[in-house]
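K.L.:
First residue of the sequence shown? That's 1 in UniProt numbering, and the numbers climb one at a time after it.
Even glycine gets a Cβ: it sits at the ideal position worked out from N, Cα and C.
Nothing here was measured: the structure is a model prediction, and the numbers come from that model.
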Amino acid sequence: MGQPWAAGSAEGAPARLPLVLTALWAAVVSLELAYVLVLGPGPPPLGPLARALQLALAAFQLLNLLGNVGLFLRSDPSIRGVMLAGRGLGQGWAYCYQCQSQVPPRSGHCSACRICILRRDHHCRLLGRCVGFRNYRPFLCLLLHGAGVLLHISVLLGPALSALLRAHSLLHTAALLLLPWLMLLTGRVSLAQFTLAFVMDTCVAGALLCGAGLLFHGMLLLRGQTTWEWARGQHSYDLGPCHNLQAALGPRWALVWLWPFLASPLPGDGITFHTTADVGLMAS
Ligand SMILES: [Zn+2]
Ligand SMILES: [Zn+2]
């Protein structure tokens, strides 16, 4: 038998590779925004006020994106350091043989993170760690602002892309967008055209990915479900949309999307949860 509060060993320590990968893609998005605003083909000429608003929007999106990335990486969603000894061991509790600990309802062991995660949603391959009770808010905000900033860059690149279409055939532009590396290596396009296509491709693909993730997790958020519960059709923790939002994002759930460091403490502890049955009892 291991220690009942368990968790928190050298093998459960966060890996460095996910941190490096996350830092890398965050740097790429920042560089792509700088490319389109400062160095690259740039937006069409604007008046000083419109230009200032455009820069303010880009700064707001980038600060929110990077702030939420930082918060996501700093928040440990696991049971590491959580006192689980003597916490009831009621319905829904289980024993994890890998962690050698009793674990609460809605938690799950992650083989990639090698530890149990409180209110485990899923292991995010792109961010290299699990999404759980403590980092769900920055994860959702990251999806929103990731989709927003990538869409912004794509829109700003629109005029440069239409200029490319006017200068070349549709087939040439399509080949450039679909196979930019091949077109560059065979000498059919300039480095500037390749960069434009590469940035456009990565931004459109990234915006679609973040947008799809946001729609899916928005649906789960309103239903009070984790991905694991959704896959098994479980609705035990659905308290109604308003209470579900508060449970996942805190009392200021409507404002947390605007600033990553806005205080909105979560009402629960990630160990015990109100169930749909509790709400029914309170209402009756
Ligand atoms: Zn475990
Ligand atoms: Zn994981």
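Mind checking who HIS123 pairs with in its DSSP beta bridge?
P.N.:
The partner list for HIS123 (beta bridge, DSSP) reads CYS130.
K.L.:
Given a cut-off of 8 Å, decide if ILE115 and SER78 are closer than it, judged by their beta-carbon atoms.
P.N.:
For SER78 and ILE115, yes; Cβs fall inside 8 Å.
K.L.:
Can you tell which of LEU21, GLU32, VAL20 has its C-alpha closest to the C-alpha of ASP201?
P.N.:
Ranking LEU21, GLU32, VAL20 by Cα distance to ASP201 puts GLU32 first.
K.L.:
Closer than 7 Å to a non-hydrogen atom of ligand 2 - does that hold for the CB of ALA112?
P.N.:
Yes; taking the cut-off as 7 Å, the Cβ of ALA112 has a heavy atom of ligand 2 nearer than that.
K.L.:
What number of angstroms, rounded off, separates the C-alpha of HIS109 from the C-alpha of CYS96?
P.N.:
So the alpha carbons of these two residues sit roughly 7 Å apart.
K.L.:
Would you say the beta carbon of VAL103 is closer than 7 Å to some non-hydrogen atom of ligand 1?
P.N.:
Within the cutoff, so yes.
K.L.:
Shortest alpha-carbon distance to GLY158 belongs to which of GLY270, GLY132, VAL199?
P.N.:
Comparing Cα positions, the closest option is VAL199.
K.L.:
Let me check you understand the geometry: is the CB of CYS130 closer than 7 Å to at least one non-hydrogen atom of ligand 2?
P.N.:
It does: the Cβ of CYS130 is within 7 Å (strictly closer) of some heavy atom of ligand 2.
K.L.:
So, with DSSP's three-state summary, where would you put ALA10?
P.N.:
For ALA10, the predicted structure reports a pLDDT of 40, less than 50, and the residue's modelled location is therefore unreliable. A value from the coordinates is still provided. ALA10: helix per DSSP, three-state reduction.
K.L.:
Report, in whole angstroms, the separation of the C-beta atoms of CYS210 and LEU150, which I expect to be a contact under 8 Å.
P.N.:
7 Å between Cβ atoms; contact.
K.L.:
In three-state DSSP terms, what is residue 286?
P.N.:
A query on residue 286 cannot be resolved here, the shown segment of the chain reaching from 1 to 284 and no further.
K.L.:
I'd like to confirm the pairing. Which residues does DSSP put opposite ILE115 in its beta bridges?
P.N.:
ILE115 is bridged to CYS110.
K.L.:
If you drop the 5 nearest sequence neighbours on each side, which residues of the same chain put their C-beta closer than 7 Å to that of LEU71?
P.N.:
Correct list, in chain order: PRO138, PRO260.
K.L.:
Taking the alpha-carbon of LEU142 as reference, which of TRP257, GLN225, LEU245 has the nearest alpha-carbon?
P.N.:
Of the candidates TRP257, GLN225, LEU245, the one whose C-alpha sits nearest the C-alpha of LEU142 is TRP257.
K.L.:
Just the C-alpha distance for LEU262 and TRP253, rounded to the nearest angstrom, thanks.
P.N.:
Cα-Cα distance, rounded: 10 Å.
K.L.:
Please determine whether the Cβ atom of residue 344 lies at a distance below 7 Å from any heavy atom of ligand 2.
P.N.:
In the structure displayed, the chain extends from 1 to 284; residue 344 sits before or after that span and is not available.
K.L.:
Taking only three categories from DSSP, how would you classify GLN91?
P.N.:
In the structure shown, GLN91 sits in coil (DSSP, three-state: anything other than H, G, I, E or B).
K.L.:
State the CB to CB distance for the pair HIS152 and ALA58, rounded to an integer number of angstroms; the pair is presumed to be in contact (CB under 8 Å).
P.N.:
Contact flag correct, Cβ pair sits at about 6 Å.
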